[in-house]
Amino acid sequence: MRSDRLRGTTHLVLVAMALAASMHLLALGQPTVPRFYPDDPLRYDNDRVVDIRRVDDIKLDDYFDFIENVFLSPGDRRAIHAVNVNTLDEVPDSSWFTNRIGARDLPLEALVTGPDRPVTFGAGWTIVGGKNRGFHPGFRAIDRSDPTGTVYQLEVDAPAHPEMASGAEVIGAAFYHAFGYNTVDVYLTEIDSTRLEIDPKATIRDANGRRPFTRRDLDDIVQNAARRPNGRIRVTAERFPDEDDMGRFEYHGTRPDDPNDIHLHEHRRELRGSRVFAAWLNHDDSRALNTLVLRHREGGRRFFKYYIVDFGSLLGSATRFADTAQAGREYALAWRPSLLTFLSFGLYVRPWLHQPPVSDLPAVGRFTADGFDPERWVAEYPKVAYENMRADDAFWAARIVAAFDDVRVRAIVSKGQYSDPRVVDELTRVLLARRQRILDVWLTAVNPITHAALSRDGVLTFENVAVTHEIGGRPDGYILQWSRFHNEDDTHVPIGAPVRVTDPRAELPATEAVRGADYVSVAVRTIHPGFPDWRPVQLYFRATSGGWQWVGLDRGLDPGDAPASR
Amino acid sequence: MIVRIGVMVGVLLVWPGAVRAGQSRADLWTAQRDAKSREARPVPATGLEDFLLRAAAGRWPTRLLNPRSGLFLRVGLPGEGAGLGLGPAWRHSPFNRRYTATASFAASASKNWSGQLAFDVPDLLPVAGSDRVGLHLSAARHQRARDPFWGIGPEADQRSVFALAQRDVNGEVIVRISPALHVGLAGGVLSSHTTSQPGLLDGRITHVRVGASLSFDQRNTLPATRTGRHLDPEALDGASTGRFLRVDWSRFSDTGTGAFSFDRTSVDLQQYLPFLHGHRVLALRALAVLTSVDGDAAVPFYLMPTLGGSRVGRAYPTFRFRDRHLLAAQVEYRYVVNPFMHGAVFVDAAQVAPRLGDVTWARVRWSTGVGLRLGVRGGAAFRVDLGFGRDGVRLATGFGHAF
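Protein chains in written order, with this note's numbering: chain A, 1 to 566; chain B, 567 to 969.
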């Protein structure tokens, strides 16, 4: 009897479910997509899950990369939401990115150390090979006092700009590491050119092929290197990775030989948003050439890890020269201004030509906040990921930039070990001024609500990041619309009327609609006369045994919203 | 029935995007990765990318045009009016590049050809001289079938042609006193044989040449390595600031009758004035080429300084004017269009004269014009100038800047 009733009940439930599902499908014309999975918000994207056996060192040609990005139209340019973010609109940790500053407690010492290891270099180096590519003169060498025989790539500064490129290199590695990217450890040290030895097996490539590295090759480098007053040469020592070098990655597409690489690069939040970081640090040389893919082994499993490397052309440095006035302000090939300049015999003066001259401090190069416009900043040539950056991508990055206060910026800049303290002052001053521009523009590009929480007893709190960083003034208040949220069909049922609060704090209505709800959501409209176009941010909370878990944030940007670039 | 309904519900629930029991976003992405792993494979580069990769790996441009050793392609012929020359060349240089021997041959499409065998020792005394002394030896032969001859003097206007065959053996020792200051001592033998229209100088003349030079170069060209200075000259780079002075004196002694012995002195002064961060440059040049003879001796017409061509007097045909002396002033306004292209507006004012006292304002030959340069770092790998002068409009092309 009981089993009959159960069977009958089961029949009814299943029929009802089938009908409901069918009707829903018919009504929408397509299957429903639930907003949240049980493991949302995903904090870690396990992109090491597939063991990589078949690999190839995918070579990228620098000129092809330029031609492809300038003359062709690679990648997917739809202005869609970043595809690898979690439901809180954050980037989960992965083989590409590890949340660090702003997300985790990062002591100042760790921030400055970055990817570095505790190493001490001896005075004598043995050259094991030439540097076969790149504009920056250098060679590969082993510290003779290092029993591990680790190979480093040593690069020198130009005589006209001592400490400029080397300082930029270590500062850039520390900054990018703090942002969350994988970077290779790079150190500053000094070498005595008279104590350099050449391994008899050392080779270098020239147009005739590989040949022995000779004393003459070494002379060519050290004679065009900036020297210290003591005659020694300051160099950057970049550790040559032990892992398998798999080449570079592009800012669009995915690597065909990496099954774990499923998110189109041009839609990866950390690559789109890196345009903000590049703008801040004036990393106009950010491109596929300056990336690295290494195959790591961990617990018998092999996976790719994606790096951003080579920061010698950062801040005011173009490695051997001070950066050009054009850097960051116009693509190398910009058709319209080129045509205007040519036809007007140069009487048409591009705005960036009115930039201040190169700094009197040779180690600074050309680095200024004058005329810096984060929205208009561009790299040397276009990259799809940068062009796809939307306001929410920029906002994500700007929050990370905001986490660098004066002390942190100065501490990282000091890692450049400049002999003239004015260099640290100047770089810090410019970085902070550029940081302020970035925050002014991007922290207010979207409704700046984040870090929400709903306590067990129904008290909602959230953070207005713009207010936190005193950008744009305080809003007049917030209008909140609570809803019961149905995850299965992604629908909201409003709870009561909208309520207005002046502070980022409110109470969940204690109504029947809330009781037993799996999810509730609240749309937060920020009332700010300076930003009338801010869209409401939808916050989602899931009922758990311990209370309410913040599981979702939707900034309400529609697919098709224009990318953030102007 | 229950089973059927269950299957129906199951199908609906496993529809893409639906939450399956126990399914997570991580599962979803893992499934995508598993699917990709079944197809993931290295994709070799093809087409243009493959070509560029091979070119970069093999350093084809350098290998083709300027290798350390082996056969390569020589582009260009020395001197004005030789046309676009191409030809094979061979170079040998050991790993340590203590010396460089280059043999090259080039022929132009304009009925002229030149062959040159050059031997370079960048550092003659590498240890004792501390890389301050260099030696350049060369042997060359030029065959110019139809060089134009317009007569001698600032008003010459008779058009004809002449043929010139020259053999030239030269040696030069260069002492680098400082990175900017170089002095050189040169010597050589120049044998010339002309076949020309009636009334012109015909026959063979052999000159023994000795000379000295001093150059002071403060232009902001790339701080090239020593290798760069000798094997990979940055000749296509253009200065945007600094100055250049070169004084060159040569004594040409006619080994026959002595009737064609003469001295030639040239002074070349250049100044580069940048503005707008070097994106606009005013390039100024003053050039004087002066000859002097002993008694009744004369300067062979084909060794006289000339006006006209792609460098001085760009609105005039090559060798349009020639005489004992040349005075020229050039102003070129260069503007960066983009990193690969420059524009220019220029004015050349030049005059040839039999005596310096004969130089008059009325005989100045003006060339005004506009130009386009293709090249990087301010260089002019290829140059086109459109000049306007008394003889009309002329299109001049060349490799490298006019000065």
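Note that CB positions come from ideal geometry on N, CA and C, so glycine has one too.
Min CB distance residue i to chain A below 7 Å
| i | result |
| --- | --- |
| phenylalanine 661 of chain B | yes |
| arginine 634 of chain B | yes |
| arginine 591 of chain B | yes |
| alanine 625 of chain B | Note on residue identity: the sequence assigns arginine, not alanine, to residue 625 of chain B. For arginine 625 of chain B, the answer is yes, since a Cβ of chain A falls inside 7 Å of its Cβ. |
| valine 903 of chain B | yes |
| serine 806 of chain B | no |
| glutamine 896 of chain B | no |
| serine 744 of chain B | no |
| histidine 843 of chain B | yes |
| serine 970 of chain B | The structure shown does not extend to residue 970 of chain B, since chain B is modelled only from 567 to 969, so the question has no answer here. |
| leucine 619 of chain B | yes |
Closest residue to residue i among the options (Cα-Cα distance)
| i | options | result |
| --- | --- | --- |
| arginine 880 of chain B | B/Arg591, B/Ser933 and B/Thr628 | B/Ser933 |
| histidine 908 of chain B | B/Arg775, B/Phe969, B/Thr872 and B/His845 | B/His845 |
| phenylalanine 867 of chain B | B/Gly613, B/Arg707 and B/Trp716 | B/Trp716 |
| histidine 81 of chain A | A/Leu443, A/Trp548 and A/Glu266 | A/Glu266 |
| arginine 921 of chain B | B/Val859, B/Gly955 and B/Thr884 | B/Val859 |
| arginine 295 of chain A | A/His451, A/Phe249, A/Ala411 and A/Gly547 | A/Phe249 |
| alanine 825 of chain B | B/Gln709, B/Pro627 and B/Ala863 | B/Ala863 |
| valine 993 of chain B | B/Gly875, B/Ser816 and B/Ala648 | For residue 993 of chain B there is no data in the structure shown, the boundaries of chain B being 567 and 969. |
| aspartate 405 of chain A | A/Val423, A/Asn388 and A/Arg434 | A/Arg434 |
| arginine 429 of chain A | A/Val407, A/Asn447, A/Glu163 and A/Tyr540 | A/Val407 |
Cβ of residue i within 7 Å of any chain B Cβ
| i | result |
| --- | --- |
| glycine 552 of chain A | no |
| glycine 346 of chain A | yes |
| threonine 194 of chain A | no |
| arginine 43 of chain A | no |
| serine 73 of chain A | no |
Alpha-carbon to alpha-carbon, residue j and residue i
| i | j | result |
| --- | --- | --- |
| serine 338 of chain A | alanine 621 of chain B | 29 Å |
| proline 200 of chain A | proline 212 of chain A | 8 Å |
| isoleucine 127 of chain A | threonine 203 of chain A | 9 Å |
| aspartate 261 of chain A | glutamate 270 of chain A | 14 Å |
| histidine 354 of chain A | valine 911 of chain B | 22 Å |
| arginine 456 of chain A | valine 83 of chain A | 31 Å |
| leucine 108 of chain A | aspartate 420 of chain A | 23 Å |
| alanine 27 of chain A | arginine 43 of chain A | Legend: pLDDT at alanine 27 of chain A = 43, less than 50; position of this residue unreliable, no value from coordinates given. |
| arginine 795 of chain B | aspartate 392 of chain A | Bear in mind that the predicted position of arginine 795 of chain B carries a pLDDT of just 36, short of 50, making it too unreliable to give a figure here. |
| leucine 106 of chain A | glycine 180 of chain A | 11 Å |
| proline 374 of chain A | leucine 631 of chain B | 43 Å |
| threonine 831 of chain B | threonine 668 of chain B | 29 Å |
| leucine 835 of chain B | arginine 851 of chain B | 6 Å |
| asparagine 464 of chain A | leucine 432 of chain A | 21 Å |
| aspartate 829 of chain B | histidine 748 of chain B | 22 Å |
Simplified DSSP assignment, three categories, for residue i
| i | result |
| --- | --- |
| tyrosine 152 of chain A | strand |
| glutamine 589 of chain B | coil |
| tyrosine 331 of chain A | coil |
| alanine 895 of chain B | strand |
| arginine 886 of chain B | coil |
| lysine 677 of chain B | coil |
| lysine 131 of chain A | coil |
| glycine 955 of chain B | strand |
| proline 627 of chain B | helix |
| phenylalanine 139 of chain A | strand |
| tyrosine 386 of chain A | helix |
| isoleucine 171 of chain A | helix |
| valine 980 of chain B | As displayed, chain B neither begins before 567 nor continues past 969, which places residue 980 of chain B out of reach and without an answer. |
| glutamate 800 of chain B | A caution first: glutamate 800 of chain B carries a pLDDT of 35, below 50, which makes its placement in the model too unreliable to give a value. |
| phenylalanine 826 of chain B | coil |
| proline 608 of chain B | coil |
Whole-Å CB distance - residue i paired with residue j, under 8 Å assumed
| i | j | result |
| --- | --- | --- |
| valine 524 of chain A | proline 536 of chain A | 6 Å |
| glycine 312 of chain A | histidine 136 of chain A | 5 Å |
| lysine 648 of chain A | asparagine 69 of chain A | Nothing in the structure corresponds to residue 648 of chain A, since chain A is present only between 1 and 566. |
| serine 483 of chain A | histidine 492 of chain A | 4 Å |
| valine 918 of chain B | aspartate 889 of chain B | 4 Å |
| glycine 750 of chain B | alanine 705 of chain B | So it is not a contact: roughly 18 Å between Cβ atoms. |
| alanine 379 of chain A | tyrosine 386 of chain A | 6 Å |
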